[in-house]
Amino acid sequence: MRRVTGDAGLSESASRLQAGGLVAFPTETVYGLGADARDPEAVAGIFRAKGRPSDNPLIVHVFDVASARELSSRWPVMAERLSRRFWPGPLTLVVPADPSIAEVARGGLDTVGIRCPDHPVALALLRLCQVPVAAPSANRSGRPSPTTAEAVLEDLGDVEGLVLDGGPAGVGVESTVVDVTGEHPVLLRPGGLGPEAIEAEIGPLAVPDGGAVPRAPGMKYRHYAPMLPVVLLRLAGQAAVGEIRGRFHPDDTGLVAPAEVLRALPEYRSVDLGPDADTAAARLFAGLRRLEREPGLCRIVAVWDDVRGRGLAVMNRLEKASGEADHGRI
Ligand code: TXA
Ligand code: MG
909 MRRVTGDAGL SESASRLQAG GLVAFPTETV YGLGADARDP EAVAGIFRAK
959 GRPSDNPLIV HVFDVASARE LSSRWPVMAE RLSRRFWPGP LTLVVPADPS
1009 IAEVARGGLD TVGIRCPDHP VALALLRLCQ VPVAAPSANR SGRPSPTTAE
1059 AVLEDLGDVE GLVLDGGPAG VGVESTVVDV TGEHPVLLRP GGLGPEAIEA
1109 EIGPLAVPDG GAVPRAPGMK YRHYAPMLPV VLLRLAGQAA VGEIRGRFHP
1159 DDTGLVAPAE VLRALPEYRS VDLGPDADTA AARLFAGLRR LEREPGLCRI
1209 VAVWDDVRGR GLAVMNRLEK ASGEADHGRI
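The numbering of the sequence shown is my numbering, which starts it at 909 and goes up by one.
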């Protein structure tokens, strides 16, 4: 991939998308790897580049609500309310798909996930190219999502395409995915928008039942995993400090933990998740990518216990990274 920036980078990226090529671009959540969602060949290139299973559908990015309506065969009332309230923003709505969206982008489903990202570079790119852009996170399948152009190049440097550098992504975890095709809204993936805010708008969110067919196909695969094993401790404060001192040695264990826990453990190499969930989300993936390169470490111990707001997404990503989340469950 070739890194491009500024206005010249933006117009080169737009032309590349129109020509059926691949462009990694910044959003407010993480970097996405984009292609024209109507072009099956272009979309197939995304799956190849990531090594992504073909039954895992992609999110289609648009610059406004009107474009989203055009990409759906039916635009539910809940989609209208949520998009008017939260777009642009870290919320993906799963709606019945218009057939113009390539089947391969939908992972063979008759629904499509659509979102309008809250990032000036992403919005400028989408407006300029006038193409609905299918884009999963721009990491190799199974790896932590990239929050910088450097992290994209780390995973996908040898892929043919462009990476439009717009600086670090601010939110740091992916969008919240809500299925609004049925009578009741279903939270398929917690993310940058906390469930409380969505429930305040449209009432209670159901969670998938964890049956044989996962509702968000992506949730059945191992995800967000750095190259070292991750151990998740659902603890806080002194309880976490005691557990770590008793079980793990600083020579071979790196820590990902809130600031208050790390203060008591200066002898460990660590990633500081800061004082709150929003800071933790912004630092999580880059932190996992940094620790996996530390010489001599055999494992990463992650400490987290907050499931409010964006904290639920942090918990979900750590559960996935540690391999302990049930298949199909959030
Ligand atoms: O923040 C984000 O959402 C980022 C940026 C680039 O926009 N994108 C992203 O895409 O995280 P990806 O492909 O890594 O995750 C998409 C998730 C997967 O779990 C997928 O299964 C689910 O959304 N999904 C997409 N379309 C779906 C559909 N029609 N039905 C159910 N789940 C869907
Ligand atoms: Mg992803």
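The C-beta atom is built at its ideal place from N, Cα and C for all residues, glycine as well.
- DSSP places residue 947 outside any alpha helix (DSSP H), giving it a letter other than H or E.
- Closer than 7 Å to some heavy atom of ligand 1: that does not describe the Cβ of residue 1094.
- Under the three-state reduction of DSSP output, residue 917 falls in the helix class.
- When only Cα atoms are considered, residue 914 and residue 1027 end up about 14 Å apart.
- Counting C-beta atoms within 10 angstroms of its own C-beta, residue 1206 has fewer than 16 neighbours from the protein chains shown and is therefore classed as exposed.
- If you look at residue 1163, you'll find it in the beta strand (DSSP E) that goes 1161 to 1165.
- Per DSSP, the continuous beta strand (DSSP E) segment holding residue 1084 begins and ends at 1084 to 1087.
- One alpha carbon belongs to residue 993, the other to residue 1157, and they sit about 48 Å apart.
- For residue 1177, the enclosing beta strand (DSSP E) begins and ends at 1177 to 1180.
- Closest in alpha carbon position to residue 950, among 1013, 1008, 971 and 962, is 1013.
- Proximity of the beta carbon of residue 965 to ligand 2 is not indicated: no heavy atom of the ligand is located closer than 7 Å.
- In this structure, residue 1042 lies near residue 943, with their beta-carbon atoms less than 8 Å apart.
- With a threshold of 7 Å, the Cβ atom of residue 1025 counts as near ligand 1, since some heavy atom of the ligand is closer than that.
- In terms of Cα proximity to residue 1051, the closest of 1215, 985 and 1197 is 1197.
- The shortest CA-to-CA distance from residue 1055 to any of 1078, 973, 1143 and 1093 is the one to 1078.
- Apart from the 5 residues on each side of it in sequence, residue 935 sits with its Cβ closer than 7 Å to the Cβ of 1025, 1027, 1030 and 1077 in its chain, given in chain order.
- With a contact defined as Cβ atoms closer than 8 Å, residue 958 and residue 1049 qualify at about 5 Å.
- Excluding five sequence positions before and after residue 1163, the CB atoms of its chain that fall closer than 6 Å to its own CB belong to 1176, 1178 and 1209, given in chain order.
- If the five residues before and after residue 948 are omitted, its C-beta is found closer than 6 Å to the C-beta atoms of 1010 and 1012, all from its own chain and listed in chain order.
- Within the chosen limit of 7 Å, ligand 1 does not reach the beta carbon of residue 1073 with any heavy atom.
- In this structure, ligand 1 has a non-hydrogen atom nearer than 7 Å to the beta-carbon of residue 1085.
- Proximity of the beta carbon of residue 1082 to ligand 1 is indicated: a heavy atom of the ligand is located closer than 7 Å.
- By the Cβ test, the stretch 1212 to 1226 is in contact with the stretch 1088 to 1106, since at least three Cβ pairs between them sit closer than 8 Å.
- Shown here, residue 1099 sits in coil according to DSSP, grouped into three states, outside any helix or strand.
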